[in-house]
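If you read the sequence shown in my numbering, its first letter stands for residue 111, the second for the next number, and so on. Glycine included, each C-beta is placed from N, C-alpha and C at the ideal position. On a predicted model such as this, the values are computed, not experimentally measured, just so you know. Single-structure report; data block below.
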Amino acid sequence: MSDLLTTVPAARAFCEAARARGAAVGLVPTMGALHDGHRSLLRQSLAQNDVTVVSIFVNPLQFGAGEDLEAYPRGFENDLRICAGEGAAAVFAPSEAEMYPQPPVTSLDFGGLSASLEGACRPGHLAGVGLVVAKLFAIVGACRAYFGEKDWQQLAVVRRLADDLSLPVDVVGCPTVRQPDGVALSSRNAYLGADERAAAGVLHRCLLAGAALIEAGERASAVVEAAMASVLAAEPLLGRVDYARVVDAATLARREPLRGELRLMVAAHLGGTRLIDNLGATVPPP
Ligand code: AMP
Numbered sequence: 111m112s113d114l115l116t117t118v119p120a121a122r123a124f125c126e127a128a129r130a131r132g133a134a135v136g137l138v139p140t141m142g143a144l145h146d147g148h149r150s151l152l153r154q155s156l157a158q159n160d161v162t163v164v165s166i167f168v169n170p171l172q173f174g175a176g177e178d179l180e181a182y183p184r185g186f187e188n189d190l191r192i193c194a195g196e197g198a199a200a201v202f203a204p205s206e207a208e209m210y211p212q213p214p215v216t217s218l219d220f221g222g223l224s225a226s227l228e229g230a231c232r233p234g235h236l237a238g239v240g241l242v243v244a245k246l247f248a249i250v251g252a253c254r255a256y257f258g259e260k261d262w263q264q265l266a267v268v269r270r271l272a273d274d275l276s277l278p279v280d281v282v283g284c285p286t287v288r289q290p291d292g293v294a295l296s297s298r299n300a301y302l303g304a305d306e307r308a309a310a311g312v313l314h315r316c317l318l319a320g321a322a323l324i325e326a327g328e329r330a331s332a333v334v335e336a337a338m339a340s341v342l343a344a345e346p347l348l349g350r351v352d353y354a355r356v357v358d359a360a361t362l363a364r365r366e367p368l369r370g371e372l373r374l375m376v377a378a379h380l381g382g383t384r385l386i387d388n389l390g391a392t393v394p395p396p
């Protein structure tokens, strides 16, 4: 069994004891409802550290008004089984009151990194992510922390948070785990009906279409984005598209003409579910 830690002092004590005996501590922050995407982060941490701590906390600060905080999938017993089965040393699962005994007044702003894409569609979301991640880093004192490329903008923001604050933690990005039809695993996929699940592959297909154009030599983002949009438009079940864009992989800004390391980014609604995905593309130097 993994140790179950539900208070900040207990988590601190556990991690301090591990560090005192010279153990490298890896942290895998999650909101629970664990799937094979989370499992891949966990396995990478287990391979690179002596002790792995998985945090499970549905962070209210990163949900906007009218979003799915109440409905967010929860499956704590199964999550504990997965963590224990994989060999996590501890699960840190604090209550909301434990994490936020008073409403935080500290707020983080990630400038241009959070101005577009998720930052524009979900105001306050990335600031909420940043705050909870900063708290987890402070509580756990991990030497490495694992985040999925599935949430590319979140990964960019967390890397920058660690750099800007000189936090002694190595932020490790892990590749997106997909189902055979290309759909990225996500706790929110549980919301999809059978028809919607069958249609969800359109997000990955739109990314592949954009990447293929870049690979073939296209250097105008408008052309790549139009191709992505037309793949999405061909799926009748797909609702509002929040964005389908190609940006610089590190700054998330436009790159015109397209060059260097790029990221194709998409967010769209399928029924009542909002899905996001992304894919890398590289323009080699001339
Ligand atoms: P969440 O529980 O959705 O907040 O996700 C916790 C961590 O797992 C985040 O760093 C996510 O980016 C990562 N993650 C979620 N889905 C996947 C996936 N399909 N592949 C890889 N990592 C993922």
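CB-CB length for ARG254 against SER340, believed under 8 Å: Rounded, the Cβ-Cβ distance is 41 Å, inconsistent with contact.
From VAL201 to ALA237, what does the alpha carbon distance come to, in whole angstroms? 24 Å
Indicate whether LEU317 and ASP387 have their beta-carbon atoms separated by less than 9 Å. Their beta carbons are under 9 Å apart, which means LEU317 touches ASP387 by this criterion.
Considering only residues of the same chain and omitting the five flanking positions on each side of ALA337, which have a CB-CB separation below 7 Å? Closer than 7 Å at Cβ, skipping near neighbours: ALA319, GLY320 and LEU323.
Let me confirm a value: ASN299 is counted as buried when at least 16 other C-beta atoms fall within 10 Å, else exposed. Which label applies? buried
Three-state secondary structure (DSSP) of GLU206: helix
Complete beta strand (DSSP E) runs within the stretch 198 to 279 (minimum length 3 residues, chain order): 200 to 202 and 254 to 258
Beta-carbon contacts of ASP358 that lie in its chain and below 6 Å, excluding the five residues immediately before and after: Same-chain partners within the cutoff: ARG365.
Mapping DSSP to helix, strand and coil, what is ASP387? In this structure, ASP387 counts as strand in the three-state DSSP scheme.
Just confirm the distance between the C-beta atoms of ASP178 and LEU144, as a whole number of angstroms; I'd bet it's less than 8 Å. Contact flag wrong, Cβ pair sits at about 17 Å.
Near LEU389, what residues of its chain come up, given a Cβ to Cβ distance below 6 Å and the 5 sequence neighbours on each side ignored? Contacts found: LEU317, ALA321 and LEU374.
Can you check which of these residues, LEU171, GLU208 and THR117, is closest to VAL215 by C-alpha distance? LEU171
Do PHE257 and LEU265 count as a contact pair if the criterion is CB distance below 9 Å? yes
When the Cα of GLY176 is compared with those of PRO395, THR392, GLY382 and VAL393, which residue comes out closest? The residue with the shortest Cα to Cα distance from GLY176 is GLY382.
Take GLY349 as the anchor and find which of ALA330, VAL312 and LEU362 has the nearest alpha-carbon. VAL312
Could you give the DSSP three-state label for PRO170: helix, strand or coil? In the structure shown, PRO170 sits in a helix (DSSP, three-state: H, G or I).
Any heavy atom of ligand 1 closer than 8 Å to the Cβ of ASP261? True, at least one ligand heavy atom lies under 8 Å from that Cβ.
Report the option in ASP146, PRO233, ILE166 and LEU295 whose CA atom is closest to the CA atom of LEU114. A check of alpha carbon separations from LEU114 across ASP146, PRO233, ILE166 and LEU295 identifies ILE166 as the nearest.
Can you tell me which of ARG191, ASP274 and VAL138 puts its alpha carbon nearest to the alpha carbon of ALA223? The sequence as given places Leu at residue 223; Ala does not occur at that position. Measuring from the Cα of LEU223, the nearest candidate turns out to be ASP274.
Hey, would you say LEU284 sits closer than 9 Å to GLU325, going by beta carbons? The question names Leu, but residue 284 in the sequence shown is Cys. Against a cut-off of 9 Å, the Cβ pair of GLU325 and CYS284 comes out as no contact.
My guess is that VAL356 and LEU372 are in contact by the Cβ rule of under 8 Å, so how many angstroms apart are they, rounded? That pair is a contact at about 6 Å.
Between the beta-carbon of VAL376 and the beta-carbon of VAL351, is there less than 9 Å? yes
What does the alpha-carbon distance come out to for the pair ALA121 and ALA127? The alpha-carbon separation between ALA121 and ALA127 amounts to approximately 10 Å.
First and last residue of the uninterrupted beta strand (DSSP E) at PRO139: 135 to 140
Which of helix, strand or coil DSSP assigns to SER165: strand
Measure how close the beta-carbons of ALA252 and GLY136 come, nearest whole angstrom, since I'm counting them as under 8 Å. 6 Å
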